[in-house]
Structures are given as structure tokens and as C-alpha cells.
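Reading through the C-alpha cells given below for one structure.
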Amino acid sequence: MIEILTPADLGRARVTGALVADILYTMKSRATVGTNLLDIDRWTKEMIVEAGAESCYVDYEPSFGRGPFGHYICTAVNDAVLHGKPHDYTLADGDLLTLDLAVLKSGIAADSAISFIVGDSRPAESVALIEVTERALKAAIAAAVPGARIGDLSHTIGTVLSEAGYPINVEFGGHGIGSTMHQDPHVPNNGRPGRGYKLRPGLLLALEPWVMADTDKLVTDADGWTLRSKTGARTAHSEHTIAITPGGAEILTLPSQ
């Protein structure tokens with residue numbers, strides 16, 4: 001299903017997007033050396049409930065996962081990159097943490113992810129991984145104009161990642177979003193320009209470049225959810241929900257202040 005939102009829907013999407021961003025950046029500020037991932041999950045739940053919103057994750061049960069996710073935020077550390085299931089782990093200096101959050105409020109969902117380094121250390125490899133995903137996301141957003149095609153966005157992301165020397169996995173990528181978290185169209189992180197669905201005003205997309213330092217192969221943890229790099233290499237992931245407007249892409253998942 002591909003949804004096209006009305007102007008009223010878009011107004012509600014802005015509220016949801018700002019909430020997602022506010023929660024993510026609050027959790028980033030609290031994710032210091034010694035913080036437990038389970039505390040981040042608990043704090044996230046408290047903010048979602050206080051806002052009168054709903055988690056898109058806690059009851060999420062897709063075919064690729066093992067049972068309901070059961071938590072409110074994805075917390076992926078170091079070699080984990082997607083669907084990181086919160087567990088009893090205490091963050092250490094130099095950890096590369098990815099927080100991925102999707103929330104539903106007033107009938108509209110928004111989805112975003114940020115990667116950052118915990119503590120004072122700044123390992124060069126981690127800095128480079130984060131920077132390239134952010135740069136690929138920025139380039140894709142700039143390309144997301146009415147009349148462009150999904151393949152144009154995929155090609156833009158893939159070009160940035162591949163020119164930086166990173167392998168690209170296309171099993172998981174961006175997606176349409178609206179009244180539900182995951183919708184068509186799928187937006188792979190590499191593709192051919194001029195192909196796929198044509199963008200039109202009212203379409204919401206969650207764009208999410210992610211990379212692993214030296215592989216395009218994933219392995220799944222025993223928890224049935226957390227996806228890691230097969231080689232144990234570090235990873236990074238950046239994501240925004242955007243709305244296609246007559247003038248181009250509007251980023252919805254920016255903090256309210």
C-alpha cells in the first residue's frame with residue numbers, strides 16, 4: 001500500500017516527527033558511559049506514554065523477527081546495526097550506539113535513527129561510518145523532489161556509500177510510512193536512477209542509509225532480532241522521515257527546539 005497524505009495529515013505528521021526526534025535526542029543526551037540499554041528503553045516508554053503516543057515496536061511481529069519485539073526503541077551497539085533489541089548492557093567509552101525509533105501519534109507514524117559515539121573517545125573508523133551515512137541521507141533528501149523516482153534516491157545513497165569504499169546491503173532499507181510504520185515503496189540503499197515509483201506531494205518516506213565497515217553480510221543474534229555485521233565490524237545508521245511537498249522534501253523528524 002502507498003498512502004498519499006492530505007494537508008491535514010501532514011500537519012499531524014509534523015507533530016509525530018518532532019516527538020520522535022525529541023525522544024531520540026533526549027536519549028542521546030542520557031546515553032553516557034555507564035548507562036544501561038534497558039534504562040534507555042524505559043525512559044523512551046515513559047516519554048511515549050507521556051505524549052499520548054503509541055510505540056510502533058513493542059507489538060511489532062514481522063516475518064523476519066522472532067515474536068513481538070517487546071521493547072520501545074532499538075539500541076544497536078558497535079557491530080549491531082539494525083533492530084537492536086535492548087538488553088542488560090552498560091555503555092562504555094567509545095561505543096558506537098545507534099538509536100532507532102518509530103512512534104504513532106494521532107494516526108500518523110514517524111521513524112528516525114541516529115548513530116553517535118558514547119563518551120570522549122572518537123575512533124576514526126566510527127566517525128567515518130557515521131559521517132558517510134549522514135552525508136548519504138542528506139544527498140537523498142535533496143534528490144527527493146516531485147517527479148523523481150525511488151531509483152533516483154537509491155542511486156544517490158548508493159553512490160555516496162560506494163564512493164566512500166563501503167559495501168552495500170540492500171536487504172533492508174527505507175520505506176513508505178503513514179498510518180502504519182512500514183509501507184510501500186521500498187527504498188533500497190542502492191539502485192538504478194529513473195526506475196521505480198514516481199514521487200508526488202503527500203508521500204511520506206523514511207530514508208535510512210546504513211553501512212558496515214567491511215562487509216555487506218548480516219547475521220542475526222540469538223534474540224531473533226538484532227542484526228550484526230558478519231565480520232564483527234562496526235556499523236552506523238542514519239534515518240529521517242520526510243514528506244514530499246511541491247517544493248521538495250520536508251524533514252519531519254527534526255527536534256522541536
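Oh and the sequence shown: position 11 is 11 in full-length UniProt numbering, straight run, nothing missing. Glycine residues also receive a C-beta, built at the ideal position from the N, C-alpha and C atoms. Note that the coordinates shown come from a computational prediction; the quantities given were computed from them, not determined experimentally.
How long is the line joining the alpha carbons of residue i and residue j, rounded to whole angstroms?
i, j, result
"ALA92", "THR226", "19 Å"
"TYR72", "ILE2", "25 Å"
"LEU82", "SER229", "10 Å"
"GLY94", "VAL20", "25 Å"
"GLY165", "PHE116", "20 Å"
"ALA213", "THR235", "6 Å"
"GLY52", "LEU104", "9 Å"
"ARG42", "ALA144", "35 Å"
"residue 274", "ILE157", "Outside the modelled stretch of the chain, which goes from 1 to 257, sits residue 274, for which no answer is possible."
"GLY173", "ILE114", "15 Å"
"ARG195", "PRO185", "12 Å"
Candidates the options: which alpha carbon is nearest residue i's?
i, options, result
"GLY147", "GLY248, ALA18, PRO62, MET212", "GLY248"
"SER155", "HIS175, ARG149, ARG192, ILE168", "Note that residue 155 is His in the sequence shown here, rather than Ser. Minimum Cα distance to HIS155 is reached at ARG192."
"ALA142", "LEU207, THR180, GLN183", "LEU207"
"SER112", "PRO86, SER162, PRO209", "PRO209"
"THR253", "ALA102, GLY151, ARG195, ALA8", "ALA102"
"ALA139", "LEU24, ASP100, LEU153, LEU38", "LEU153"
"GLU171", "VAL219, THR241, ARG149", "VAL219"
"THR16", "GLN183, GLY194, ASP223, GLY178", "GLY178"
"ILE251", "MET47, ALA8, ARG14", "ARG14"
"HIS182", "TYR25, CYS56, GLY224", "CYS56"
"LEU96", "GLY176, LEU37, HIS186, ASP184", "LEU37"
"VAL160", "LEU137, HIS175, LYS217", "LEU137"
Name the DSSP beta bridge partners of residue i, please?
i, result
"ILE109", "Residue 109 is actually Ala in this sequence, not Ile. According to DSSP, which records beta bridges pairwise, ALA109 is partnered with LEU104."
"LEU97", "VAL77, PHE116"
"THR90", "ASN36"
"LEU82", "LEU227"
When the cut-off is 8 Å and only beta carbons count, does residue i lie next to chain B?
i, result
"ASP184", "Checking the listed chains, one finds no chain B in this structure; it contains a single protein chain."
The ligand COA and residue i: does the residue's C-beta get closer than 7 Å to at least one heavy atom of that ligand?
i, result
"PRO255", "With respect to small molecules bound, the structure shown includes none, and the ligand COA cannot be examined in it."
- For the segment 130–210, list the beta strand (DSSP E) runs that are entirely contained and at least 3 residues long, ordered along the chain. 174–176, 183–187, 204–207
- At which residue ranges does the segment 219–251 contain complete beta strand (DSSP E) runs of 3 or more residues, listed in the order of the chain? 227–229, 235–237, 240–245, 248–251
- Item | Runs of alpha helix (DSSP H) lying entirely within the segment 1–60, each at least 4 residues, in chain order | 7–30, 37–50
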